[in-house]
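What follows is one structure encoded as C-alpha cells, with my remarks underneath.
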Amino acid sequence: MVDVDIDQVIDFCKRFDSEYIQPAQSETQVMKTVASGIESELRSTVFATKSSEKIMEMALKLERILDQGEVRIRELLRKAVDDRERGEEFSR
1 MVDVDIDQVI DFCKRFDSEY IQPAQSETQV MKTVASGIES ELRSTVFATK SSEKIMEMAL
61 KLERILDQGE VRIRELLRKA VDDRERGEEF SR
C-alpha cells in the first residue's frame, strides 16, 4: 500500500477543481452562447445552422465529461476528508 498524505490529496482535489474543471465549465458555457448566436449573426444560413449545431453538440459533450470529472474529484475529496476526520490512512 502506498503512503499518501491526506492533506496533499485534499489540496490536489481543490486545486484541480478550481484550476481545471471550473474554468473549462465556464468555457463550455461560452461555447453554448456562441453556438446560440451564430445563426443570427450569419442570418440563418445552412452553414450557420450546421455550425451552430456542431458547436452546441461539442459543448454538450464537454459538459458531460466535465460533470463526470467533477463528480469523481468531489468523491475523492469527500473520501479524503472523511478519512482525515476519522484519523485513518488514506487508501484509494
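Counting from 1, one number per residue, gives the positions in the sequence shown under my numbering.
We put the beta carbon where it would ideally sit given N, CA and C, even for glycine.
Quantities reported herein were computed from a predicted structural model and do not represent experimental measurements.
Residue i, buried or exposed, once every other Cβ within 10 Å from all chains shown has been counted against 16
i, result
"Ile65", "exposed"
"Thr28", "buried"
Cβ-Cβ separation, residue j to residue i (assumed contact under 8 Å), whole Å
i, j, result
"Ser52", "Ile38", "4 Å"
"Ile6", "Arg84", "4 Å"
Beta-carbon proximity check, residue i vs residue j, cutoff 7 Å
i, j, result
"Ala80", "Ile10", "yes"
"Met31", "Ala48", "no"
Backbone secondary structure at residue i - three-state DSSP
i, result
"Gly69", "helix"
"Ser52", "helix"
"Asp82", "helix"
Cβ shell of residue i (< 8 Å), same chain only, five flanking positions each side left out
i, result
"Cys43", "Note that residue 43 is Arg in the sequence shown, not Cys. The answer is none, since no qualifying residue turns up."
Neighbourhood of residue i by C-beta, 6 Å cutoff - its chain only, sequence neighbours within 5 removed
i, result
"Met1", "In this prediction, Met1 has a pLDDT of 45, which is less than 50 and means its spatial position is unreliable; what the coordinates show is noted afterwards. None."
"Met56", "Ala35"
"Glu70", "Ile21"
"Glu63", "Thr28"
Close-in-space but distant-in-sequence residues of the same chain around residue i (CB under 7 Å, 5 per side omitted)
i, result
"Gly87", "none"
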